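Residue numbering for the sequence shown follows the UniProt record's numbering, starting at 1 and increasing by one per position.
The beta-carbon is built from N, C-alpha and C at its ideal position, and this holds for glycine as well.
Note that the coordinates shown come from a computational prediction; the quantities given were computed from them, not determined experimentally.
Following: one structure in structure tokens, then a few remarks.
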Amino acid sequence: MPNTSLAVPESALRAIRKLIAEQGYKPGESLPSQRDLAVLLGVSRASLREALSSLSALGVVSVQPGKGVFVQSISEPEQRTGGFSWPFDAQVSPADTFQLRYALEGFAAGLA
1 MPNTSLAVPE SALRAIRKLI AEQGYKPGES LPSQRDLAVL LGVSRASLRE
51 ALSSLSALGV VSVQPGKGVF VQSISEPEQR TGGFSWPFDA QVSPADTFQL
101 RYALEGFAAG LA
């Protein structure tokens with residue numbers, strides 16, 4: 001699965017979306033445990049958690065502590081655009097967006 005042009009969490013995010021599509025997971029169904037997903041995708045659990053956090057923010061999955069990761073209903077526009085439906089989506093990857101969010105949230109928390 002390693003792809004040198006993508007960050008590991010971004011590669012994991014894409015792999016999870018592919019897994020959901022190829023395995024035919026339906027809304028409400030649970031994915032394998034985080035430990036099993038990390039082994040299956042060949043990524044660390046930290047990278048997997050970051051990818052799941054991104055997918056959760058996009059509404060693709062719901063992470064429920066102690067219960068698991070569940071597939072959510074995906075609307076048609078999100079399937080076509082990867083969750084980003086704005087004019088600059090071709091210029092900015094989801095990984096870039098979440099990296100910026102990560103930096104800003106840390107700064108904002110420091111000011112609080």
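Beta-bridge pairing of residue i - partner residues as DSSP gives them
i: residue 64; result: 68
i: residue 30; result: 70
8 angstroms Cβ shell around residue i - same chain, five flanking residues per side excluded
i: residue 23; result: none
i: residue 34; result: 45, 48, 49, 52, 69
i: residue 104; result: none
Close Cβ partners of residue i (< 6 angstroms) along its chain, the five nearest in sequence each way excluded
i: residue 29; result: 71
i: residue 75; result: For residue 75, the predicted structure reports a pLDDT of 49, less than 50, and the residue's modelled location is therefore unreliable. A value from the coordinates is still provided. Once the five neighbours on either side are set aside, residue 75 has no close Cβ partner at all.
i: residue 79; result: Because the pLDDT at residue 79 is just 48, under 50, the model does not fix this residue reliably, and the value given afterwards should be weighed accordingly. None.
i: residue 59; result: 72
i: residue 9; result: 47, 50, 51
Cα-Cα separation between residue i and residue j, rounded to whole angstroms
i: residue 51; j: residue 94; result: 10 angstroms
i: residue 13; j: residue 100; result: 17 angstroms
i: residue 43; j: residue 31; result: 16 angstroms
i: residue 47; j: residue 20; result: 18 angstroms
i: residue 38; j: residue 110; result: 31 angstroms
i: residue 107; j: residue 57; result: 20 angstroms
i: residue 102; j: residue 54; result: 11 angstroms
i: residue 25; j: residue 62; result: 13 angstroms
i: residue 6; j: residue 96; result: 10 angstroms
i: residue 11; j: residue 98; result: 14 angstroms
Cβ-based neighbour list, residue i, same chain, cut-off 7 angstroms, excluding 5 preceding and 5 following
i: residue 64; result: 70
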